[in-house]
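Below is one structure; the comments refer to it alone.
Quick look at the structure:
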């Protein structure tokens, strides 16, 4: 008894030690970034590195939000991400609803076409999409990002939601049908309210996808004023290669909403990731 | 929604027990034929139009563009050149080198992400107090934007005043002097791989953690009673149970590895002198720096085709393995 208890304690200590090492390695870079964002420029590349900033300053944040215009880029990103998220959730839930509740000619063909979309890497399409955006006069326009963010996210979210809708008993639909409810009312008043967790998962991933998107925005946006946060940060770093404090102050602004979403909606992340792995 | 899905859905359909019919799907919701069809189309139409224009049309266009010498000026004549762009690509040392770099990146990051991720998942797969907190922490790099972490790792791997050099020179004494990480091909790839592993382990950990909850506890306890140690129990009980998930993780990570882009673009920019280009950064350069859209499209499509072939081979191979075992 004593032996097994001692064994248990030892095993706990070993496990906590290993987990602790992993936690330090995985989290330390963020702590260091946070620390640097409070350092004056002359201290950011000090050797040995300091975790607690000497003469901490909030000047980087003031400059990022003020002269460096990151407040504008934050709002640009937020606007694009919110509108895209709303459209992605609405349109993919409508498609998923049709697939899971109706039998109609071409159903399998259309579903198959959507499944193909799951396997196409978005980067492969960047050249023809650029030409398309030029022809549709959507280059260099912030609202012009939205259809591209929506279009690339639809396949995955439709797939995720149809899986969830399949689990809702059809007897409920039939009960509403007998009461004379049309398809839109059944979708809006029955399926959507019962699918809140799945919709939340979709919304979170749709928001993150649009908020963090980099390659497309970098390719189509030219005006300084219409930049989104990721490209503003990357281009700023390119021009001021040693202003690390300022770069990381802006980076903290960019990842703060993501971290808040992540901590608050943790369980939706887990379900979304594990379902997402089945994408293939 | 908190119950992980991977444990119940078997993506390779290997565990279907003979004689047990698959659950019959409940029928569709009834409705008058023509009106139901119309309603269904109306539900699908808005999303499908956007999907077709943004995804399907460009997919076809990628192939068509890759067969032309594309002239960027609107209205200019872009002659068809057949497979010239592809022939050029496979004779282009920079493109071939970019494929090697992507293969190296994949060969380094995929096994390490899987081993470390699985190790962390096994550590967390118990009633350890505080396990949720660790899981949340380990997943933070995964949810952070590639742009931010790429810049962060550039800062860490800075030649003067970077933490990596300080750690190697002043703490471990393994380097004799500061390394200029991004001035050489292999040191730059090292930093890029380090970021890939660091950012990815949380993801594979989460998938494995979900899969491990499907390991039958009775079996584990019975084996422990018979004196099987933790390692043997892991090897003979846990590992076989999670093999289907393992196959999915490997395939997805390999696809992701060959499609590495943002970290290379922002950390080394493909330099010095094109030595660390990967297919996507090279494609991006060809298209948006030299405006050679036809060649860029050929590189894109060639990469996708190569990755597709690799994935299909992996899929067949794992399916055969799993069948042979059962």
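Residue numbers (this note's numbering), protein chains in the order written: chain A, 8 to 287; chain V, 6 to 331.
For glycine and all other residues, C-beta sits at the position ideal for the given N, C-alpha and C.
From a predicted model like this one, the values you see are computed outputs, not experimental measurements.
What's the gap between the Cα of residue i and the Cα of residue j?
| i | j | result |
| --- | --- | --- |
| residue 207 (chain V) | residue 264 (chain V) | 19 Å |
| residue 200 (chain A) | residue 328 (chain V) | 42 Å |
| residue 197 (chain V) | residue 267 (chain V) | 10 Å |
| residue 302 (chain V) | residue 144 (chain A) | 21 Å |
| residue 246 (chain V) | residue 237 (chain A) | 40 Å |
| residue 159 (chain V) | residue 240 (chain A) | 13 Å |
| residue 141 (chain V) | residue 120 (chain V) | 19 Å |
| residue 43 (chain V) | residue 281 (chain V) | 53 Å |
| residue 202 (chain A) | residue 171 (chain A) | 7 Å |
| residue 225 (chain A) | residue 129 (chain A) | 14 Å |
| residue 51 (chain V) | residue 99 (chain V) | 43 Å |
| residue 139 (chain V) | residue 129 (chain V) | 8 Å |
| residue 23 (chain V) | residue 224 (chain V) | For residue 23 (chain V), the predicted structure reports a pLDDT of 45, less than 50, and the residue's modelled location is therefore unreliable. A value from the coordinates is still provided. The alpha-carbon atoms of residue 23 (chain V) and residue 224 (chain V) are separated by roughly 22 Å. |
| residue 66 (chain V) | residue 292 (chain V) | 14 Å |
| residue 240 (chain V) | residue 188 (chain V) | 43 Å |
| residue 235 (chain A) | residue 80 (chain A) | 5 Å |
| residue 248 (chain V) | residue 323 (chain V) | 9 Å |
| residue 253 (chain V) | residue 319 (chain V) | 10 Å |
| residue 99 (chain A) | residue 207 (chain A) | 13 Å |
| residue 53 (chain A) | residue 37 (chain A) | 18 Å |
| residue 39 (chain V) | residue 46 (chain V) | 11 Å |
| residue 184 (chain A) | residue 178 (chain A) | 10 Å |
| residue 151 (chain A) | residue 90 (chain A) | 11 Å |
| residue 133 (chain V) | residue 214 (chain V) | 14 Å |
| residue 96 (chain V) | residue 102 (chain V) | 11 Å |
| residue 170 (chain V) | residue 104 (chain A) | 55 Å |
| residue 34 (chain A) | residue 314 (chain V) | 37 Å |
| residue 60 (chain A) | residue 317 (chain V) | 51 Å |
| residue 273 (chain A) | residue 267 (chain A) | 10 Å |
| residue 255 (chain V) | residue 181 (chain A) | 43 Å |
| residue 48 (chain V) | residue 126 (chain A) | 24 Å |
| residue 261 (chain V) | residue 12 (chain A) | 44 Å |
| residue 140 (chain A) | residue 223 (chain A) | 11 Å |
| residue 125 (chain V) | residue 47 (chain A) | 37 Å |
Spell out the partners DSSP gives residue i in its beta bridges.
| i | result |
| --- | --- |
| residue 85 (chain V) | V:73 |
Quick one: is residue i buried, meaning 16 or more other Cβ sit within 10 Å of its Cβ, or exposed?
| i | result |
| --- | --- |
| residue 28 (chain V) | Because the pLDDT at residue 28 (chain V) is just 48, under 50, the model does not fix this residue reliably, and the point stays unresolved. |
| residue 337 (chain V) | Residue 337 (chain V) lies beyond the residue range present for chain V, which begins at 6 and ends at 331; the question has no answer from this structure. |
| residue 232 (chain V) | exposed |
| residue 156 (chain V) | buried |
| residue 244 (chain A) | buried |
| residue 85 (chain V) | exposed |
| residue 116 (chain A) | exposed |
| residue 4 (chain A) | For residue 4 (chain A) there is no data in the structure shown, the boundaries of chain A being 8 and 287. |
| residue 187 (chain A) | exposed |
| residue 31 (chain V) | Because the pLDDT of residue 31 (chain V) is 48, which lies under 50, any placement of that residue in the model is unreliable, and the number read from its coordinates should be weighed accordingly. With fewer than 16 other Cβ atoms within 10 Å, it is exposed. |
| residue 51 (chain A) | buried |
| residue 148 (chain V) | buried |
| residue 163 (chain V) | buried |
| residue 295 (chain V) | exposed |
| residue 67 (chain A) | buried |
| residue 308 (chain V) | buried |
| residue 191 (chain A) | exposed |
| residue 16 (chain A) | exposed |
| residue 259 (chain V) | buried |
| residue 19 (chain A) | exposed |
| residue 3 (chain V) | Outside the shown range of chain V, which is 6 to 331, sits residue 3 (chain V), and nothing can be said about it. |
| residue 252 (chain A) | buried |
| residue 122 (chain V) | buried |
| residue 165 (chain A) | buried |
Regarding residue i and the ligand FAD, is the C-beta to nearest heavy atom distance less than 6 Å?
| i | result |
| --- | --- |
| residue 11 (chain A) | Because no ligand of any kind appears in the structure shown, any question about the ligand FAD cannot be addressed here. |
Quiz item: Would you call the region 84-92 of chain A and the region 216-224 of chain A in contact, with 3 or more CB pairs under 8 Å?
Solution: yes
Quiz item: With contact counted as at least three CB pairs below 8 Å, one residue from each stretch, are the region 128-148 of chain V and the region 23-30 of chain A in contact?
Solution: yes
Quiz prompt | Given 8 Å, three or more beta-carbon pairs between the region 167-182 of chain V and the region 89-103 of chain V | solution = no
Practice problem: Any chance you could list the alpha helix (DSSP H) runs of at least 4 consecutive residues sitting entirely within the region 174-242 of chain A, in chain order? | Solution: 177-185, 190-193, 203-219 and 222-227
Practice problem: Output the residue ranges of the beta strand (DSSP E) runs that lie fully inside the region 130-186 of chain V and measure 3 residues or longer, sorted by chain position. | Solution: none
Quiz item: Is it true that the region 45-59 of chain V meets the region 148-165 of chain A, where meeting means three or more beta-carbon pairs spaced less than 8 Å apart?
Solution: yes
Quiz item: Are the region 42-56 of chain A and the region 188-197 of chain A in contact at 8 Å, needing three or more beta carbon pairs?
Solution: no
Quiz item: Hey, is the region 59-79 of chain A in contact with the region 248-264 of chain A, meaning 3+ C-beta pairs nearer than 8 Å?
Solution: yes
Quiz item: In chain order, which continuous runs of the alpha helix (DSSP H) of length 4 or greater are located wholly inside the region 78-142 of chain A?
Solution: 114-126 and 133-142
Self-check item: Runs of alpha helix (DSSP H) wholly within the region 15-90 of chain A (minimum 4 residues, chain order)
Solution: 66-72
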